[in-house]
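Protein chains: 2
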Amino acid sequence: MDTEKKTPISTLGEFGLIRHLTESIKLENASSKYGIGDDCAVLEYPDKQVLVTTDLLMEGVHFDLTYVPLKHLGYKAVMVNLSDIYAMNGTPRQITVSLAISKRFGVEDMEELYAGMRLACEAHHVDIVGGDTTSSLTGLAISITAIGDAAKDQVVYRNGAHETDLICVSGNLGAAYMGLQLLEREKNVFMGESDGVQPDFAGKEYLLERQLKPEARRDIISALADAGIRPTAMMDISDGLSSELMHICKQSGTGCRVYEEHIPLDYQTAVMAEEFNMNVSTCALNGGEDYELLFTVPLTDYDKVSKLKDVRLIGHITKPELGCMLITRDGGEMELKAQGWQALTE
Amino acid sequence: MDTEKKTPISTLGEFGLIRHLTESIKLENASSKYGIGDDCAVLEYPDKQVLVTTDLLMEGVHFDLTYVPLKHLGYKAVMVNLSDIYAMNGTPRQITVSLAISKRFGVEDMEELYAGMRLACEAHHVDIVGGDTTSSLTGLAISITAIGDAAKDQVVYRNGAHETDLICVSGNLGAAYMGLQLLEREKNVFMGESDGVQPDFAGKEYLLERQLKPEARRDIISALADAGIRPTAMMDISDGLSSELMHICKQSGTGCRVYEEHIPLDYQTAVMAEEFNMNVSTCALNGGEDYELLFTVPLTDYDKVSKLKDVRLIGHITKPELGCMLITRDGGEMELKAQGWQALTE
C-alpha cells in the first residue's frame, strides 16, 4: 500500500463499494446465468460435474503487505484457487470473493486488489459472480470460492494412482519458496534488523515472480487432453512435493519411489539456495507454493508423457509396503516426510 | 468459550484438525458426488440451476464470543447462508466451511463450532463438502459458501416485482435486534459498565433465540410451492425490512406502499422496545438479522397467500414515481430509508 491520501471506504458503504468494484464486470461463461446483485449467483451445468474449492487468506499468516503489492495479492489469491480446479482436470468458470477490510485500507487499495483478481480471472476466462464485503477489526481477510466443471468421466482425484504408474511434475520446484526467502531478507534489511546484506534482486526476478505471481497450469491440462492422457491421480503442489506425494500415496493406498536427480529445479533456485546455504532438494521437496501439477499416468503412456513440454518424470508408484521413498543422488534411500515449511525454518 | 484446559490445535495440525472434525460426515444429497479430501468437492446438477452464496464473519464485527456460545455461532453462520438459498426459492444442498483460528482456541472449541454447523446442516439436509482450516493472528474468521438448486423456471430474483403485486413477509420482525440489545445489556452488567440493572432474561427467551438461533424459512418455501404460488420477487431480511424493500423496488424499477400497522411484531419485541424506550416499528424496519422472507406475489394470488400460515400481507408494489413509502398508524406517509442498524444506535 502506498501512503498517498486514501478515500475512506465509509464514503461508499458496503453496497456502494461492491457496486464500485464490480459494476463493469461482464459474464463470459455460458454457465454463469446471473452474477452479483441478488441473494445468490445462478449457474447452470447440465452435462458436467461441478467442482468447488475454497480458501481463506489472513493477513500476517498468508501474506505480508510490507512486500506484497495488493494487486499481486489479488492475482495470487485467485490463482491458487483456479489451480485447485485444474488439479481435478477441470476448467474454472466462476469465483466468489469475500473481503473483510480494516480501517487502514481505502477505496484505492480495494481497487488495486480487485484489479489483480480481475487480471487473473481474465487470463483464465473466469467470471466473478458473487461477493461479500465487510469490515474487520484488524487486517485484511480474503475468502475465495472457485467453481469449475469437467466432463463426468474426466475428473481426476488423488486416489487413483496404481502400482507402476509414472509420477510426473510440471515446471520446476522450490522457486516460490526461494522468492519468499529473498523478500523476507529484503524486509529485514528495510527494517534495519539485518546489516551488511544489501537488497539485491538482480538476476533473481524469476524467484520473485514465482512467489508473487504464480500461474495456475491451465496449459498442462490442455496439453494432457491434446495428448490423450488422462492422469490416474493429480493434485497441485501448494504445501511441497513431499507432502503432496504422500497425500496421493495415502489416498491411493500405494507407495512411491522418487529420484532426487529428476526433481526439476531452476538455475536461479539452485544459486539462491547456495547463497542461503540451504539444500536445494530440501527446498524443492518442502518449499511449497509452487502451484505446479503433480500427477501419475499409466506406464503405457510413457511415450506420450515424455513428449510433453515442461513435464518431468520423477519416479513411479510402488506397492504400499515399500513406503514413500526418495532415492538420493548418491543412490541412498530416504523416507519422504510431510514436513512442509517447518523443516526449512527449524 | 469455557475456561477448562484446552487441547492446542497444534497437537492435531491443520490436516489432522479437518480430519477430526469431518471424518464422521456422511453425504446425504444425490448431487454431492465427492466431499472433503481432494483439491475440490465434486457435485452434479444435471437438470437444475445451481445457486451459490457466500459470506465471511469476523470476530468482533459479526459476533461477540463473550455472549455467543460457539455452538450457536456455528449454527447461525450456516443458517444465514441457507437463508440466502431459500430466498431464491431454492433448496440448499452443500456448504464449504473455511475457518481461521487464533491460538486462544482449542480443539474443543472447534468441536463446539462444528457441532453447531452440523446441527444446522442436519436440520436442512445439507452436506459439508469442503473446507479450509488455517491460523489467524487475532480472533476467529468464518467463511461459508452455500450451494443449492432450483428447477430452471423456479428461481425467484429480486427484480421481478410488478405494480399491484402484494408484499408479504413471513414470521415477525425486530425480535433478533431486540435479542442483541438484551445481550449487550447483559454484557455491560457483567463487565461492570452498567449498574443498577440486573440481567434478566425471564420472559424474553424468544428474543434471545431469534438472535442466537435463527431459523432459515424452508417451511415457507415449501408452503408456497404447495399452494402453487411462485413469488415475483423475493429476498431474505438480513439488513432490515426497509433496506430490503428498497432493494426489491430499485431492482424491479417500482415503488411500494407498506403499512406500519401490518408489520408483524411479536409481543416480547414490543415489551422490550418499551423497556428500552425505542420505537418498535423502527426496530422492525431497521433491526435486521430476522432472516424472514420478504416476497411479492401477483394480486391474483391474494386468496392463496391469505391462507398461508405465518405469512402477513404488509402492502403493495406501486409505480416507481410514487417512491417507497411507509403509511404510519396515524395515516401519515414517510419515505423509507435504508438506514440499517445505524439508525438505531445514533
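These protein sequences, in sequence, are chains A and B. Read in order, the letters of the first sequence correspond to residues 1 to 346 in this note's numbering. Read in order, the letters of the second sequence correspond to residues 347 to 692 in this note's numbering. Ideal placement from N, C-alpha and C gives every residue a C-beta, glycine not left out. All values derive from a computational prediction rather than experimental measurement.
Checklist entry - Would Cys324 of chain A count as contacting chain B if we go by Cβ distances under 8 Å? => result no
Checklist entry - Do Ser143 of chain A and Leu56 of chain A come within 8 Å of each other at the CB atom, strictly closer than that value? => result yes
Checklist entry - Hey, which unbroken runs of the beta strand (DSSP E) at 3 residues or more fall wholly within the region 460-539 of chain B? => result 473-481, 487-497, 512-516
Checklist entry - Around the C-beta of Ala376 of chain B, are 16 or more other C-beta atoms found within 10 angstroms, so that it is buried, or is it exposed? => result exposed
Checklist entry - Taking C-alpha atoms, which residue in B:Asp385, B:Ile513, B:Met524 lies nearest to His662 of chain B? => result B:Ile513
Next on the checklist: Can you confirm whether Thr145 of chain A, when its beta carbon is compared against all beta carbons of chain B, has any partner nearer than 8 Å?
Outcome noted: yes
Next on the checklist: Taking CB distances under 8 Å as the criterion, tell me whether Ala433 of chain B reaches chain A.
Outcome noted: yes
Checklist entry - At a Cβ cut of 9 Å, what residues of the region 37-53 of chain A count as close to chain B, listed as they run along the chain? => result Gly37, Asp38, Asp39, Cys40, Ala41, Val42, Leu43, Glu44, Tyr45, Pro46, Asp47, Lys48, Gln49, Val50, Leu51, Val52, Thr53
Checklist entry - Can you give the beta carbon distance from Val716 of chain B to Asp511 of chain B, rounded, assuming they're within the 8 Å contact cut? => result With chain B covering only 347 through 692, there is no way to say anything about residue 716 of chain B.
Checklist entry - If you measure beta-carbon to beta-carbon, which residues of the region 504-522 of chain B are closer than 9 Å to chain A? => result Arg504, Asn505
Next on the checklist: In the DSSP assignment, the alpha helix (DSSP H) including Tyr605 of chain B goes from what residue to what residue?
Outcome noted: Element bounds for Tyr605 of chain B: not the alpha helix (DSSP H) but the beta strand (DSSP E), 601-605.
Item to check | Length at least 3, wholly inside the region 37-95 of chain A: the beta strand (DSSP E) runs in chain order | outcome: 41-44, 48-58
Checklist entry - How would you write the range of the alpha helix (DSSP H) that Tyr552 of chain B sits in, first residue to last? => result 551-558
Next on the checklist: Can you list, in chain order, the residues of its chain with a C-beta nearer than 7 Å to that of Lys550 of chain B? Leave out the 5 residues immediately preceding and following it.
Outcome noted: Leu528, Gln614, Met618
Checklist entry - What's the C-alpha gap between His418 of chain B and His471 of chain B? => result 18 Å
Checklist entry - For Ala666 of chain B, does the three-state DSSP call read helix, strand or coil? => result Checking the displayed sequence, the identity of residue 666 of chain B turns out to be Pro instead of Ala. The answer is helix: DSSP assigns Pro666 of chain B an H, G or I state.
Item to check | Cα-Cα separation between Thr600 of chain B and Ile431 of chain B, rounded to whole angstroms | outcome: 24 Å
Checklist entry - When the distance is taken between beta carbons, is Val502 of chain B closer than 8 Å to Arg576 of chain B? => result yes
Item to check | Inter-residue Cα distance where the pair is Leu245 of chain A and Met234 of chain A | outcome: 10 Å
Next on the checklist: Can you look up Ala684 of chain B in the DSSP assignment and give me helix, strand or coil?
Outcome noted: coil
Item to check | Where Ala571 of chain B falls, given that 16 or more other Cβ within 10 Å makes a residue buried | outcome: exposed
Item to check | Beta carbon proximity, Trp687 of chain B to chain A, threshold 8 Å | outcome: Because the pLDDT at Trp687 of chain B is just 45, under 50, the model does not fix this residue reliably, and the value given afterwards should be weighed accordingly. False, the Cβ-Cβ gap to chain A never drops below 8 Å.
Checklist entry - If the cut is a Cβ gap below 8 Å, which residues of chain A does Ala423 of chain B touch? => result Per Cβ cutoff of 8 Å: no residues; Ala423 of chain B is ~12 Å from chain A at best.
Checklist entry - Which residues, in chain order, does the region 117-133 of chain A contribute to contact with chain B at a C-beta distance below 8 Å? => result Val129, Gly130, Gly131, Asp132
Next on the checklist: Determine whether the beta carbon atoms of Gln597 of chain B and Lys33 of chain A lie at a separation below 8 Å.
Outcome noted: no
Next on the checklist: Considering only the alpha carbon of each residue, which of B:Val651, B:Asp495, B:Thr628 lies closest to Met680 of chain B?
Outcome noted: B:Thr628
Checklist entry - Lys379 of chain B CB to nearest chain A CB: under 8 Å? => result yes
Item to check | Thr480 of chain B to Thr53 of chain A span [Cα, whole Å] | outcome: 15 Å
Checklist entry - For Ser252 of chain A and chain B, any beta-carbon pair shorter than 8 Å? => result no
Next on the checklist: Suppose contacts are defined by Cβ-Cβ distances below 8 Å. Is Tyr67 of chain A in contact with Lys187 of chain A by that definition?
Outcome noted: yes
Next on the checklist: Using C-beta distances below 6 Å, list every residue in its chain close to Thr691 of chain B, excluding the 5 sequence neighbours before and after it, in chain order.
Outcome noted: Here Thr691 of chain B scores only 43 on pLDDT, less than 50, and its place in the model should not be relied on; the value that follows carries that caveat. If we look at Thr691 of chain B and ignore the five residues flanking it on each side, it has no Cβ neighbours.
Checklist entry - Which residues, taken in chain order from the region 614-639 of chain B, show a beta carbon closer than 8 Å to some beta carbon of chain A? => result none
Checklist entry - Is Ala150 of chain A near Met58 of chain A, with beta carbons less than 8 Å apart? => result no
Item to check | Reduced DSSP category for Lys379 of chain B - H, G, I as helix; E, B as strand; rest coil | outcome: strand
Checklist entry - Per DSSP, Leu659 of chain B is paired with what? => result B:Cys514
Checklist entry - Roughly how many angstroms lie between the CA atoms of Pro69 of chain A and Ile441 of chain B, to the nearest whole one? => result 32 Å
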